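**Q** Handing you a structure now.
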Amino acid sequence: MKLTVNDIRQLWEKGQAELVAGKEGLAHTVEVYDMMEQPDIKPWLRKDMLLITTGYAIRNDKEKLLDLIRNLHEADAAALAIKTRFFGEFPKEALKLADELHFPLFFLNNALGFMETVYPVMTAIVKANNGIEMQDCCQIGQSEKRELDRTFYFALVQGKMKEEKEAQVRAHSLCWPKVPVRWMEIRPLYTKKGWGGQNKERMEEKAESFFQKQQLPYIKLSFPEKTTILFCEPKYILPFKKALKERLEKLEEAAHTELCMLISDSIGRYLDMPKAAGQLSALSRIAGNVSVEEKVLWREEMQYEELLLEIAKLPQVKLYVEERLYCLKEYDREHGTKLIETLEMMMRNGGSKKQTAEKLYLHRNTMLYRVKKIEEILKCDMRDFKTLQELEFLCRVKAYFSESEEG
1 MKLTVNDIRQ LWEKGQAELV AGKEGLAHTV EVYDMMEQPD IKPWLRKDML LITTGYAIRN
61 DKEKLLDLIR NLHEADAAAL AIKTRFFGEF PKEALKLADE LHFPLFFLNN ALGFMETVYP
121 VMTAIVKANN GIEMQDCCQI GQSEKRELDR TFYFALVQGK MKEEKEAQVR AHSLCWPKVP
181 VRWMEIRPLY TKKGWGGQNK ERMEEKAESF FQKQQLPYIK LSFPEKTTIL FCEPKYILPF
241 KKALKERLEK LEEAAHTELC MLISDSIGRY LDMPKAAGQL SALSRIAGNV SVEEKVLWRE
301 EMQYEELLLE IAKLPQVKLY VEERLYCLKE YDREHGTKLI ETLEMMMRNG GSKKQTAEKL
361 YLHRNTMLYR VKKIEEILKC DMRDFKTLQE LEFLCRVKAY FSESEEG
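Every letter in the sequence shown is one number past the one before it in the UniProt record's numbering, and letter 404, counting from 1, is 404.
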């Protein structure tokens, strides 16, 4: 089966590369690919070759770039795929020359590793030589890559890899992002069941688009109950956090459900993945809690909630909370009131009666009556700071009882 540059263009349609010039040469045959990083590669150029390069060896040298395109054309090569990050502004003369020579020129996605770009091409060439149709070839290549990624992922998370160097070599071979990295999970906010189909696929495409625009190397793994993304530590973390929070709304629109994003601490070694997995497990039990309004949960910002989650597991803490609030709970049961709900909302609003009344749609007098009744039943003064601290602790820990039992 004949493999063409147009077939390669279709392989790269999911963001790996973009054809920017030379579209008249899409019918060129591709029989081999090569990756070279040196100033003079003319002696190694050959017919029907797709050259893939970072362009580092000819960075900011317009004449060498133009010579490379001419030499490829003279050698009857198939196409050139190049990264632009080392060029500043890519020379317009190179685009013009490629168009004049009808020589296809691709810009590689700077945010992706070579594995995401090269592996489909490598597989396509092998399968083409064995007469496998292009559509089947693409599916086989992507499927094999996903399986390799998942195998490596589980080996790391389950602690099966014992040497960091071995993990680094394996990560490099799969073009995973280099450490330090962050581990993010995207999940439905309120349901424990998986979500899938086209909505999930669209959400994942938008998530990948975000990391590509941020020019952050990443790897995505899709599971029924979650989408996992491992990405390089951003250089400027605060602007990144803001951008990620803004992106969540678009992901929810695509998924047609409320989502949460759980992000681990920075991971300095691949062998620290089990520790990060524990962090995300805790965050998954914190997400959606009534006392947590955030949907994007960074582990370093949620350590107090994580501490409450652990405290809620202690039998003596649960006994203390239940005994302290028992009379209030019984009063609600006997009289059909909502004093527990009022107390919990008040504690989530820092003890503010005004904000609590607004959230519960209560008249001011009704709110004051409920507060007085709570004070009477619990035998406390809610104007006292220490009392407010104790009640807030009781309500915050109580919210984690069911989660701590699951954990």
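Every residue, glycine too, gets a C-beta built ideally from N, C-alpha and C. Since this is a predicted model, take the numbers as computed values, not measurements.
(1) Quick check on residue 285: does DSSP put it in helix, strand or coil?
(2) Suppose the cutoff is 6 Å on Cβ atoms and the five residues either side in sequence are ignored; what does the same chain contact list for residue 132 look like?
(3) According to DSSP, residue 106 sits in a beta bridge with which residue or residues?
(4) Is it the case that the region 202-221 contacts the region 303-315, given that we only count it when at least three CB pairs across the two stretches are under 8 Å?
(5) Quick check: what's the CA-CA separation for residue 205 versus residue 227?
(6) May I have a chain-ordered list of the alpha helix (DSSP H) segments no shorter than 4 residues that lie completely inside the region 223-298?
(7) Cβ atoms of residue 16 and residue 117: under 7 Å apart, would you say?
(8) Applying the criterion that 16 or more other CB atoms from any shown protein chain within 10 Å of the CB defines a buried residue, is residue 76 buried or exposed?
(9) Would you mind working out which of 190, 361 and 306 sits nearest residue 252, comparing C-alpha positions?
(10) Suppose you measure from the CA of residue 195 to the CA of residue 229; what does that come to, to the nearest Å?
(11) Kindly identify the DSSP beta-bridge partner or partners of residue 330.
(12) Bridge partners of residue 29, per DSSP?
(13) Report the three-state DSSP secondary structure of residue 356 (helix, strand or coil).
(14) Can you give me the start and stop residues for the beta strand (DSSP E) that residue 53 sits inside?
(15) Using DSSP with H/G/I as helix, E/B as strand and the rest coil, what is residue 378?
(16) For residue 405, which residues from the same chain have a beta carbon less than 7 Å from its beta carbon, with the 5 sequence-adjacent residues on both sides left out?
(17) Within a Cβ cutoff of 7 Å, which residues of the same chain sit near residue 159, ignoring the five residues on either side of it in sequence?
(18) Which one or two residues does DSSP pair with residue 182 in a beta bridge?
(19) Just mark residue 342 as buried or exposed, buried being the case when its beta carbon has 16 or more other beta carbons within 10 Å.
**A** Per the coordinate set shown:
(1) helix
(2) Low confidence applies here, because residue 132 scores a pLDDT of 49, under 50, leaving its location unreliable and the question unanswered by this model.
(3) 19 and 81
(4) no
(5) 11 Å
(6) 237-255 and 273-286
(7) yes
(8) exposed
(9) 190
(10) 17 Å
(11) BP columns for residue 330 are empty, so no partner.
(12) 4
(13) helix
(14) 49-53
(15) helix
(16) Unreliable positioning characterises residue 405 in this predicted model, as indicated by a pLDDT of 48, which lies under 50. The coordinate reading is nonetheless provided below. Once the five neighbours on either side are set aside, residue 405 has no close Cβ partner at all.
(17) 274
(18) 231
(19) buried
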